[in-house]
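Before any comments, here is the structure.
Numbering (our numbering), first residue to last: 665 to 899.
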């Protein structure tokens, strides 16, 4: 399959609505076209469109991409701060600054590492009977968040990591109450044709307290077709 065709399905997604409609608000070392594509991908999987009845849309539609970086992987690198990611390679690093998919022929995805940060505010409809973030809601958000670095790595190496979850391991550290801004710090672990993995650490943005963390393993599906007409509707 030609390199550009590998991302054709992702490029067919409609432009993301708020809160993911402003690429300039995202801290990144990638080009604007890449950031907009990643915003579109996130909004599509949240099913954020008028009249959406997709499971979890009401709870996840506020999830926004606030940082994305792709950089060469280095052994022994110090882990990023939970509240801010490093700037990554300088803009002169052509390997990761060029158009999505352009470097796939000469780049092994696992030679690079993608880091993303997503945020969402805990609202009433996300709480359980005890007044804290419900476990199923947290799981949904983790699913979306851990996919974000895989898509970031995929679009700069010409690989569509879309697939299904085969394993998700979640560790709960502390509860989150209404009004808490959840800050998901996500890192790609590996991206291969038959297996991809990423981890997420979720913090209270204001206090920096670790609330829950997770690792997800995904099995990519090759040859997915573009979404139907309904997904192409303007938002």
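Quick reminder that beta carbons are idealized off the backbone N, C-alpha and C, glycines included.
All figures in this text were calculated on a predicted structure; none of them were measured in a lab.
{"Asked": "Please report the distance separating the alpha-carbon of residue 774 from that of residue 795.", "Found": "41 Å"}
{"Asked": "May I ask which residues mark the beginning and end of the alpha helix (DSSP H) holding residue 632?", "Found": "What is shown of the chain runs 665 to 899, which leaves residue 632 out entirely."}
{"Asked": "Since residue 826 and residue 884 are thought to touch, with beta carbons under 8 Å apart, how far apart are those beta carbons, to the nearest angstrom?", "Found": "7 Å"}
{"Asked": "How big is the Cα-Cα spacing for residue 862 and residue 828?", "Found": "13 Å"}
{"Asked": "Do residue 842 and residue 880 have their CB atoms nearer than 8 Å?", "Found": "no"}
{"Asked": "Can you check whether the CB of residue 781 is closer than 8 Å to the CB of residue 730?", "Found": "yes"}
{"Asked": "Pairing CB atoms from the region 700 to 711 with CB atoms from the region 677 to 686, are three or more of them under 8 Å?", "Found": "yes"}
{"Asked": "Taking the alpha-carbon of residue 696 as reference, which of 870, 804, 820 has the nearest alpha-carbon?", "Found": "820"}
{"Asked": "Is it right to say residue 837 is buried, meaning 16 or more other beta carbons lie within 10 angstroms of its own, or is it exposed?", "Found": "exposed"}
{"Asked": "Mapping the DSSP letters down to three states, classify residue 900 as helix, strand or coil.", "Found": "With the chain represented from 665 up to 899, any question about residue 900 goes unanswered, as that position is not in the structure."}
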